[in-house]
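Report on the following structure.
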Amino acid sequence: MMLALLLGCADAAGKKERWIYIPANFQVDAEADRVIALLERSDKVGFTHALLHDSKFSRLGTVTAAYRPNTDKVSATAKRLGIELVPAVFPVGYSNDLLFHDPNLAEGLPVKNALFEVKDGVAKIIADPPVTLPGTTSRAGWDFVDDAIVPDDGGLFSKEQKENARLCRKLKVSPFRQYHLSVRIRTAALAGGQPEIKVLGTGGKSLQWTSLGVKPDQPWTVHDVTFNSLDSAEINIYFGVWGGHGGAIWWKDTAIEECGPVNLLRRKGTPLTVKTEAGRQLAEGTDFERVTNPHTGTDPWPGAYKPWHEPWHEPQFLRMKSFADGEKLRVSYFHTHLIHDGQVCGCVGEPAFKELLANQADEVVSWWGARTHFMSHDEWRVLGWDDACRAEGRTPGQLAEENLRFCTGVLRQKVPGGRILVWNDMFDPFHNAVKDYYLVSGSLEKSWEGLSPDVEVMNWNFGKRDESLSFFAERGHRQVIAGYYDSDLADVDAWLASAAKVEGVRGFMYTTWRQDYSRLEDVAAKLDRAGW
444 MMLALLLGCA DAAGKKERWI YIPANFQVDA EADRVIALLE RSDKVGFTHA
494 LLHDSKFSRL GTVTAAYRPN TDKVSATAKR LGIELVPAVF PVGYSNDLLF
544 HDPNLAEGLP VKNALFEVKD GVAKIIADPP VTLPGTTSRA GWDFVDDAIV
594 PDDGGLFSKE QKENARLCRK LKVSPFRQYH LSVRIRTAAL AGGQPEIKVL
644 GTGGKSLQWT SLGVKPDQPW TVHDVTFNSL DSAEINIYFG VWGGHGGAIW
694 WKDTAIEECG PVNLLRRKGT PLTVKTEAGR QLAEGTDFER VTNPHTGTDP
744 WPGAYKPWHE PWHEPQFLRM KSFADGEKLR VSYFHTHLIH DGQVCGCVGE
794 PAFKELLANQ ADEVVSWWGA RTHFMSHDEW RVLGWDDACR AEGRTPGQLA
844 EENLRFCTGV LRQKVPGGRI LVWNDMFDPF HNAVKDYYLV SGSLEKSWEG
894 LSPDVEVMNW NFGKRDESLS FFAERGHRQV IAGYYDSDLA DVDAWLASAA
944 KVEGVRGFMY TTWRQDYSRL EDVAAKLDRA GW
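For the sequence shown, the working numbering gives the first residue as 444, with consecutive numbering after it.
Written out as structure tokens, the structure reads:
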């Protein structure tokens, strides 16, 4: 607490920092010009720092010839204006950019003892137990259908209404198996709620997090997702729109199957094993041909993952050598899962991924020559399942703590005496450092033990801002508020009121995910009135 009070006194002696978040593609000349214009504009209303993010920060060795002149122009402008540029490093939660180098370093979910059967030299998946869904020509066969949904055009239809519009079916499944769900969807002027497929397992845990990407007006279109049953032997599958919607939506041809390896991961920490029913382990390359999935994390470019690979199904079977028809096998492997619009998390327990993190920091430090760096640990939604993470019995919280110490150490070595910041959420007991977060295997509690007191916190926990700000202040951390978030400007006032209750809040960052800088001057005016 004494450290926090001292920091607060230091802040009180001068004006607060004003930050602006700027994601950009510096490979494009027009993007560099856009960033320069934003810096010029920000300077006029007192902004002091710019947090820069570019996917190419994870692969600076691959950029085109235009990249260096563009970043040099941006750096020169910032130097002239007196604005400090802060590059983002360590994409741990949103790891796709770094997985460009090796898509197999994604965190994996386990499939255990999936049943395969040999026929004509090929072993294919056998549903164990069999799974099926009702048809969609009527409401019959579903465990429940909301009143808003009625048969129409060969499918089940809901028009504009204010209530939920869902179908649900309960199924028996085997734990730790991979399943494929598909459905055809048609829409007309759809607005409001988003169509989703939800799968709820033991204790109501959500097992399926991939967005469908349904458009407001689309013809009949097939949408595919996969999920892992984890420890659930019974699941509830929902197709629907929650909270009402405008326009109309039709659902048709709902289907489920137990599938073989999709988005299969091949590395030491994600072993693939094949055994006979009697328990004899088979040798890859001797008893069956090597299994790979060339579409894992490569479609349409390295680091990009799709939930389903159509029409290429080869990973769903094994090419056997000298096995009789009818021979049953048990196959175990690991696959990744896509969160929302394609987010994939890297495996921090894998030494090769830690090496990528260190290499990225080295390249970014050399490229920008910055004194301040921002660690991008954020919304870390899949963690702690594969052998690399479980080898030493560490909890997800301990894995996060360890990785934060590692990344902090890398920056201290490369920039002695430099300033380091990190997002709050994965180290905040009032935010995401909790039990049962997305597909994390266990609790993220105590992850904050990896936060050195001199690492500053960029706090975006608006919902529990008083508790969060106090938590980090009491632990001696300086903080910067990440505010606005494309929302009502009244939220800025609420943040400033909460910040006044604690010591050590050093500044405010104008944060937009829509690249909407139209309220920049309005936010600056509020900061002026607050004496920031």
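Even for Gly, the Cβ is constructed at its ideal location relative to N, Cα and C. Only a predicted model underlies this, so the values are computations on that prediction, with no experimental measurement involved.
Next on the checklist: Please classify Ser672 as buried or exposed, where buried requires at least 16 neighbouring CB atoms within 10 angstroms.
Outcome noted: Taking the first residue of the sequence shown as 1, we reach residue 672 at position 229. Looking at its Cβ environment, which holds 16 or more other Cβ atoms inside 10 Å, Ser672 is buried.
Item to check | Nearest to Phe777 (by Cα), restricted to the options Pro530, Gly703, Leu650 | outcome: In the sequence shown, counting from the first residue as 1, residue 777 sits at position 334. Comparing alpha carbon positions, the residue from Pro530, Gly703, Leu650 closest to Phe777 is Gly703.
Item to check | Thr729 in three-state terms, based on DSSP | outcome: Along the sequence shown, read from residue 1 onward, the residue named residue 729 stands at position 286. Thr729: coil per DSSP, three-state reduction.
Checklist entry - When the Cα of Asp965 is compared with those of Val593, Ser886, Tyr953, which residue comes out closest? => result As a first step, residue 965 is located in the sequence shown; it is residue number 522 there, counting from the start. Of all alpha-carbon atoms in Val593, Ser886, Tyr953, the one lying nearest the alpha-carbon of Asp965 is that of Tyr953.
Next on the checklist: Going by beta-carbon coordinates alone, are Ser649 and Leu655 separated by less than 8 angstroms?
Outcome noted: Walking along the sequence shown from the start, residue 649 turns up at place 206. Walking along the sequence shown from the start, residue 655 turns up at place 212. No, they are not a contact pair.
Checklist entry - What is the residue span of the beta strand (DSSP E) that Thr697 lies within? => result Working through the sequence shown from its first residue, we reach residue 697 at position 254. Counting along the chain, Thr697 sits inside the beta strand (DSSP E) bounded by residues 688-701.
Next on the checklist: Do Trp823 and Ala843 count as a contact pair if the criterion is CB distance below 8 angstroms?
Outcome noted: Locating residue 843 in the sequence shown gives position 400, counting from the first residue. Locating residue 823 in the sequence shown gives position 380, counting from the first residue. Annotated as proximal: Ala843 and Trp823, with beta-carbon spacing under 8 angstroms.
Item to check | Ranges of the alpha helix (DSSP H) found wholly within the region 864-940, counting only runs of at least 4 | outcome: Taking 4 residues as the shortest admissible run, the region 864-940 contains the following complete alpha helix (DSSP H) segments, listed from N- to C-terminal end: 908-917.
Checklist entry - Excluding the five sequence neighbours on either side, which residues of its own chain have a C-beta within less than 8 angstroms of the C-beta of Ser941, listed in chain order? => result Within the sequence shown, numbered from 1, the residue matching residue 941 stands at position 498. Residues of the same chain with a CB within less than 8 angstroms of the CB of Ser941, apart from the 5 flanking positions on each side, are Arg908, Asp909, Leu912 in chain order.
Checklist entry - Taking all protein chains shown into account, do 16 or more other C-beta atoms lie within 10 angstroms of the C-beta of Val593, making it buried, or fewer, making it exposed? => result Residue mapping note: residue 593 aligns to position 150 of the sequence shown, counting from 1. Looking at its Cβ environment, which holds fewer than 16 other Cβ atoms inside 10 Å, Val593 is exposed.
Next on the checklist: Buried or exposed for Gly929, going by 16 or more other Cβ atoms inside 10 Å?
Outcome noted: Numbered from its first residue, the sequence shown carries residue 929 at position 486. Looking at the sequence shown, residue 929 is not Gly but Asp. Exposed, since its Cβ has fewer than 16 Cβ neighbours within 10 Å.
Item to check | Sequence-distant residues of its chain with Cβ nearer than 8 angstroms to Glu845 (five each side left out) | outcome: Position 402 of the sequence shown, counted from the start, is the residue given in the question as residue 845. Its chain contains Val791, Arg837, Gly893 as the residues whose beta carbon lies nearer than 8 angstroms to that of Glu845, once the 5 sequence neighbours on both sides are disregarded; these appear in chain order.
Checklist entry - Under the three-state reduction of DSSP, which class applies to Pro745: helix, strand or coil? => result Working through the sequence shown from its first residue, we reach residue 745 at position 302. Note: Pro745 maps to coil in three-state DSSP.
Next on the checklist: Can you look up Pro512 in the DSSP assignment and give me helix, strand or coil?
Outcome noted: Reading the sequence shown from its first residue, position 69 is the one you call residue 512. Under the three-state reduction of DSSP output, Pro512 falls in the helix class.
Item to check | 4-residue-minimum alpha helix (DSSP H) runs that sit fully inside the region 471-544, ordered along the chain | outcome: Qualifying alpha helix (DSSP H) stretches, in chain order: 472-487, 510-524.
Checklist entry - With contact counted as at least three CB pairs below 8 angstroms, one residue from each stretch, are the region 811-825 and the region 591-606 in contact? => result Using a C-beta cut-off of 8 angstroms, the region 811-825 makes no contact with the region 591-606, since fewer than three inter-stretch Cβ pairs fall below that distance.
Item to check | Boundaries of the alpha helix (DSSP H) in which Pro794 is found, first to last residue | outcome: Translated into positions along the sequence shown, residue 794 becomes position 351. First-last of the alpha helix (DSSP H) with Pro794: 794-811.
Next on the checklist: Considering only DSSP beta bridges, list what Arg710 is partnered with.
Outcome noted: Here residue 710 refers to the residue found at position 267 of the sequence shown. Arg710 is bridged by DSSP to Thr713.
Checklist entry - Of the choices Leu725, Leu932, Pro743, Lys711, whose alpha-carbon is the least far from that of Ala834? => result Within the sequence shown, residue 834 is the residue found at index 391, counting from 1. Comparing Cα positions, the closest option is Lys711.
Next on the checklist: Am I right that Ser538 and Cys850 are in contact with their C-beta atoms under 8 angstroms? What's the rounded C-beta distance?
Outcome noted: If you number the sequence shown from 1, residue 538 lands on position 95. If you number the sequence shown from 1, residue 850 lands on position 407. Their Cβ separation, rounded to whole angstroms, is 13 angstroms, which puts Ser538 and Cys850 out of contact at 8 angstroms.
Item to check | Nearest-angstrom Cα separation, counted from Thr520 out to Arg484 | outcome: By 1-based counting over the sequence shown, the position of residue 484 is 41. By 1-based counting over the sequence shown, the position of residue 520 is 77. Distance between the alpha carbons of Arg484 and Thr520: 12 angstroms.
Checklist entry - With 16 other CB atoms within 10 Å as the buried threshold, where does Phe731 fall? => result The residue labelled residue 731 in the question sits at position 288 within the sequence shown. The residue in question, Phe731, is buried, as its Cβ has 16 or more Cβ neighbours within 10 Å.
Checklist entry - Do the region 525-544 and the region 554-561 make contact, defined as three or more Cβ pairs closer than 8 angstroms? => result Segment contact: the region 525-544 against the region 554-561, fewer than three CB-CB distances shorter than 8 angstroms; contact not assigned.
Next on the checklist: Starting from Asp965, trace the alpha helix (DSSP H) in both directions and tell me its first and last residue.
Outcome noted: Residue numbering aside, residue 965 sits at position 522 when the sequence shown is read from its first letter. Looking at the DSSP string, the run of the alpha helix (DSSP H) that includes Asp965 is 963-972.
Checklist entry - Is Pro839 helix, strand or coil when you go by DSSP? => result Residue numbering aside, residue 839 sits at position 396 when the sequence shown is read from its first letter. If DSSP states are grouped into helix, strand and coil, Pro839 belongs with the helices.
Checklist entry - Between which two residues does the alpha helix (DSSP H) containing Arg629 stretch? => result Locating residue 629 in the sequence shown gives position 186, counting from the first residue. Premise fails: Arg629 lies in the beta strand (DSSP E), 621-635, not in any alpha helix (DSSP H).
Checklist entry - Is it true that the region 708-728 meets the region 507-514, where meeting means three or more beta-carbon pairs spaced less than 8 angstroms apart? => result With the cut-off at 8 angstroms, the region 708-728 and the region 507-514 do not touch.
Checklist entry - When the distance is taken between beta carbons, is Phe543 closer than 8 angstroms to Gly746? => result In the sequence shown, the residue the question calls residue 746 occupies position 303. In the sequence shown, the residue the question calls residue 543 occupies position 100. Yes. Within cutoff.
Checklist entry - Among all the DSSP beta bridges, which residues are the ones paired with Ser649? => result Here residue 649 refers to the residue found at position 206 of the sequence shown. In the DSSP output, where bridge partners are listed per residue, Ser649 has Leu643.
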